[in-house]
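Chains as they are written, first to last, in full-length UniProt numbering: chain S, 1 to 325; chain A, 1 to 325.
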DNA sequence: GTAGGTTACTGATGCGCTTAAGTAACGAGC
DNA sequence: GCTCGTTACTTAAGCGCATCAGTAACCTAC
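Next comes the structure, spelled out in structure tokens:
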């Protein structure tokens, strides 16, 4: 592997601007306590633009002892397309603070998070849900701060979503609930959390625990599941997510069952398609943009030594009531 | 911002193993031309494990002049959940070659790709579709190799997808096609490409160009669009993607139109839900795992100085024929 | 008029690693 | 018995930047 061609360095900029490399660094970083006259600043910035100079992150990180890179670990499988809006807002908010976001698909067999973190020398690792202890410790040893959307004390987000689904159905008068589990083994952990939330709500309302059925994205199988729930006098189903819920709706049509009269269905995530199903799907939505913004604040806080203080209900999930319930 | 606590360095490992830092580096990198007896190697690796040492990417990159980080730029909005499978496979294949993958959501107002690239000092930037010239040049100046899924000469993937959709419908005997455009302005460019592909196929078959209609994810609006196509004697519609197609199916049901008899519908992306619509949706699928693997190969090739040689039809889109056409 | 402060810089150092160059110890070959 | 080659290392340089410790020039105050 050849060494890449010579790149523009701060020394080049310094030469072009007729100053020292230190001055270039001061100008570019607005280093507090340094007084740079307007004229010099202009010359330096001019040279930067002329040469299309971009400081190398690795050199900066090495010299400064910390980088401006934030690593976001996102769950193995998408939490729906909304994740994009979240990431975008997060990246934008971080950029305002001079930080750079890159993301890593967690759980993949590719490479453990601490390795990735060390490789890019991230100074903060953010995640939507808490990481396991070993990983967290390894990351901290690798020099990264950790930031999550959920406070440790609060109910984990996933569990809360399940609770909201169930509470909605119970409020509508349903007394026996079903739960539609996803088939993908990697979704199992999240699904179990959400199911626990449903069980919480049932227990709290003093009704039977939910009847959970494994499902797959297959119309016939879901038609069967729907009939099974009916037989067991289930009147409403919480689906793991909108995808499962939509598939269930199709399965029900095949079984000649209609939502919400024969079986009420609520999804989770509020994917765009949830508005255009037949009937439109009730679901749980997050304000992901807000989450992105507040997570960015937490990162900045953590970086300046303050305890990241998150809003109580960071993900703020809420019920979207449409025609399927 | 306090300097983070002292982290484990290669000097610490060297001390623990009773060797010099150079030896540690030789062991960890399997540096060719260095003979390390088994016993020494064992001692070093032992110390590494004991201390949970992870080399800092920034220091490595700085010293070696190149990092082992690959940056994947993914389009602004998800190309469906399949993107996950692709990223995963890509990351795994890269990991086998000792490379680390991180991704960046392109197009977001956050921070331009070259800045991100410089910040993490990526040595390769991969992208699903070609980047504009300015960006490409800036990246190259930032010292990154560029790798794409599409060869420059080949038809851009997006255009090809549109062509496949149309060819499928034409082969089924349709003589007047519609095209359902997405409403999101950021999708416009991709949509235009796909539409061009449809137009190509129509021209090639000697039939009228497609009647493109703007749509949004709204059942009523789509019912109206469906009726409009019918009035204009369109018998089959290519949808921008499966999402639009599924919404159209719902709109058609509201307009008392059935697929494929009243209007055939084909989507694109083969999202999981496409199997469970009513009727199941014909669509265009990619072999994303294969793409991930071959893109990783291209990256490795590019890094070892060879020209990245991609398989002719890297994304290899193909028609999935279900009941909606 | 000069001590003391401020402004506007520069020089030197070191971050943690890779790598070229060096070296001590040992065995083989003559 | 001495050289040469090999093995198994070590030493030192330097990657590109941030940052600390200067310092020269100029200004102010008394």
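Glycine included, each C-beta is placed from N, C-alpha and C at the ideal position.
Look at the alpha carbon of residue i and the alpha carbon of residue j, and state the distance between them as a whole number of angstroms.
i, j, result
"residue 136/S", "residue 106/S", "13 Å"
"residue 128/S", "residue 293/S", "13 Å"
"residue 307/S", "residue 83/A", "35 Å"
"residue 101/S", "residue 95/S", "8 Å"
"residue 116/S", "residue 41/S", "36 Å"
"residue 91/S", "residue 317/S", "21 Å"
"residue 37/A", "residue 23/A", "11 Å"
"residue 120/A", "residue 86/A", "22 Å"
"residue 55/A", "residue 109/A", "32 Å"
"residue 148/S", "residue 297/A", "35 Å"
"residue 89/A", "residue 62/S", "31 Å"
"residue 240/S", "residue 64/A", "48 Å"
"residue 126/S", "residue 103/S", "9 Å"
"residue 199/A", "residue 175/A", "12 Å"
"residue 258/A", "residue 247/A", "13 Å"
"residue 130/S", "residue 289/S", "20 Å"
"residue 216/S", "residue 132/S", "28 Å"
"residue 52/S", "residue 46/S", "10 Å"
"residue 209/S", "residue 193/S", "14 Å"
"residue 7/S", "residue 20/S", "18 Å"
Does residue i pass the burial test, meaning 16 or more other C-beta atoms within 10 Å, or should it be called exposed?
i, result
"residue 233/S", "exposed"
"residue 29/A", "exposed"
"residue 323/S", "exposed"
"residue 242/A", "buried"
"residue 162/S", "buried"
"residue 171/S", "exposed"
"residue 222/A", "buried"
"residue 270/S", "buried"
"residue 321/A", "exposed"
"residue 50/S", "exposed"
"residue 197/A", "buried"
"residue 159/S", "buried"
"residue 57/A", "buried"
"residue 60/S", "buried"
"residue 274/A", "buried"
Ordered along the chain, which non-local residues of its own chain (more than five positions away) have a Cβ less than 6 Å from that of residue i?
i, result
"residue 43/S", "17"
"residue 48/S", "13"
"residue 167/S", "201"
"residue 153/S", "Low per-residue confidence applies at residue 153/S: pLDDT is 42, beneath 50, and the placement is therefore not dependable, though the value from the model is reported in the following sentence. For residue 153/S, where only same-chain residues beyond five positions count, there are no Cβ hits under 6 Å."
"residue 219/A", "250, 251 and 254"
"residue 118/A", "142"
Leaving aside the five residues before and after residue i along the sequence, list all residues of the same chain whose C-beta is less than 7 Å from its C-beta, in chain order.
i, result
"residue 122/A", "67, 69, 70, 71 and 144"
"residue 114/S", "135, 138, 139 and 142"
"residue 226/A", "248, 251, 252, 255, 257 and 263"
Spatial neighbours of residue i within its chain, please: CB distance less than 8 Å, with the 5 preceding and 5 following residues excluded, ordered by chain position.
i, result
"residue 25/S", "10 and 31"
"residue 34/S", "26"
"residue 229/A", "178, 211, 213, 237 and 263"
"residue 98/S", "68"
Helix, strand or coil: how does DSSP classify residue i here?
i, result
"residue 201/A", "helix"
"residue 240/A", "coil"
"residue 286/A", "coil"
"residue 83/S", "helix"
"residue 212/S", "strand"
"residue 326/A", "Outside the modelled stretch of chain A, which goes from 1 to 325, sits residue 326/A, for which no answer is possible."
"residue 134/S", "helix"
"residue 318/A", "strand"
"residue 102/A", "strand"
"residue 325/S", "coil"
"residue 45/S", "helix"
"residue 126/S", "strand"
"residue 146/S", "strand"
"residue 180/S", "strand"
"residue 233/A", "coil"
"residue 246/A", "helix"
"residue 73/S", "strand"
"residue 299/S", "helix"
Considering only heavy atoms of the ligand ATP, does any lie closer than 7 Å to the CB of residue i?
i, result
"residue 196/S", "Because no ligand of any kind appears in the structure shown, any question about the ligand ATP cannot be addressed here."
Tell me, please, whether the stretch 225-239 of chain A touches the stretch 263-276 of chain S by the rule of three or more beta-carbon pairs shorter than 8 Å. No, they do not touch.
Given 8 Å as the limit, is there contact between the stretch 298-306 of chain S and the stretch 271-289 of chain S, that is, 3 or more CB pairs closer than that? Taking a cut-off of 8 Å on C-beta distances, the stretch 298-306 of chain S does not touch the stretch 271-289 of chain S, as fewer than three cross pairs fall below it.
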